[in-house]
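Participant: In my numbering, the protein residues as written are 35 to 222. Where a beta carbon is used, it is the ideal one built from N, C-alpha and C, also for glycine. First the structure, which I've put down as structure tokens, then a few questions once you've had a look.
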Amino acid sequence: LVQEALRLSGYEVLVARHGIEALLAGAKHPGPIHLLLTDVAMPQMSGPEVAEKLTVVRPEIKVLYMSGYPDHPVFEQGGVKRDTAFLQKPFTPHVLTQRVREVLDGKKVLIFGVANKNSIAWGMAEAMHREGAELAFSYGIPELEKRVKPLAESVNAKLVMEANVNDDEALARVFAKVKEIYGTIDVL
Numbered sequence: 035l036v037q038e039a040l041r042l043s044g045y046e047v048l049v050a051r052h053g054i055e056a057l058l059a060g061a062k063h064p065g066p067i068h069l070l071l072t073d074v075a076m077p078q079m080s081g082p083e084v085a086e087k088l089t090v091v092r093p094e095i096k097v098l099y100m101s102g103y104p105d106h107p108v109f110e111q112g113g114v115k116r117d118t119a120f121l122q123k124p125f126t127p128h129v130l131t132q133r134v135r136e137v138l139d140g141k142k143v144l145i146f147g148v149a150n151k152n153s154i155a156w157g158m159a160e161a162m163h164r165e166g167a168e169l170a171f172s173y174g175i176p177e178l179e180k181r182v183k184p185l186a187e188s189v190n191a192k193l194v195m196e197a198n199v200n201d202d203e204a205l206a207r208v209f210a211k212v213k214e215i216y217g218t219i220d221v222l
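As structure tokens, then:
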């Protein structure tokens, strides 16, 4: 049911019957994996163990846990934090796809290289914005501010800063500001 609901919603789904199979699938898959949807309790390896191991090789992956037991001991043993993305079983296909979308949305993206609305970087920014990403922008020279700022405002960017990518101190200032506003960045 889970696999079918996600495929019908347009997601590519890799299926694993247990944790070790999930790790193998994650290692073999050539493309990006945006989300690990895992049960908390599984044979051979728990969901939190799978997530811990998989995020080492795929640090960009988001994790959504599901369980029919919200008071499962793994919550008390530190395997899953209470504020982690969680889906209580049973659930409908609609609730499943809605929760998956919520977890995937809100990726934080820092965009370099926008010079104007015809930039390849701007095209990528628009596509990421349509998919629910939060965007931050950096431009290379002061003269670009008047072109980049209105574009950034059109996608509700919280951060627009000058930073020459050849200047380590300027980059450090941008990353410090990103950390202050967003905490982390998912895509650079």
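In the DSSP assignment, what residue or residues form a beta bridge with residue 122?
Facilitator: 101
Participant: So residue 173 is in the beta strand (DSSP E); what residue range does that whole segment cover?
Facilitator: It spans 168-173 - the beta strand (DSSP E) in which residue 173 sits, taken as one unbroken run.
Participant: In this structure, does DSSP put residue 199 in helix, strand or coil?
Facilitator: coil
Participant: Below 8 Å on the Cβ atoms is my contact criterion, and I expect residue 148 with residue 171 to pass it. Report the Cβ-Cβ distance as a whole number of Å.
Facilitator: 6 Å
Participant: Go through its chain and collect everything with a Cβ distance to residue 68's Cβ below 8 Å, but skip five positions before and after it.
Facilitator: 94, 95, 96 and 138
Participant: If you check the beta carbons only, do residue 220 and residue 167 fall under 9 Å apart?
Facilitator: yes
Participant: Please state if the CB of residue 194 and the CB of residue 179 are separated by a distance shorter than 9 Å.
Facilitator: yes
Participant: What first and last residue would you give for the alpha helix (DSSP H) that runs through residue 134?
Facilitator: 127-138
Participant: Tell me the DSSP secondary structure of residue 213 in three-state form.
Facilitator: helix
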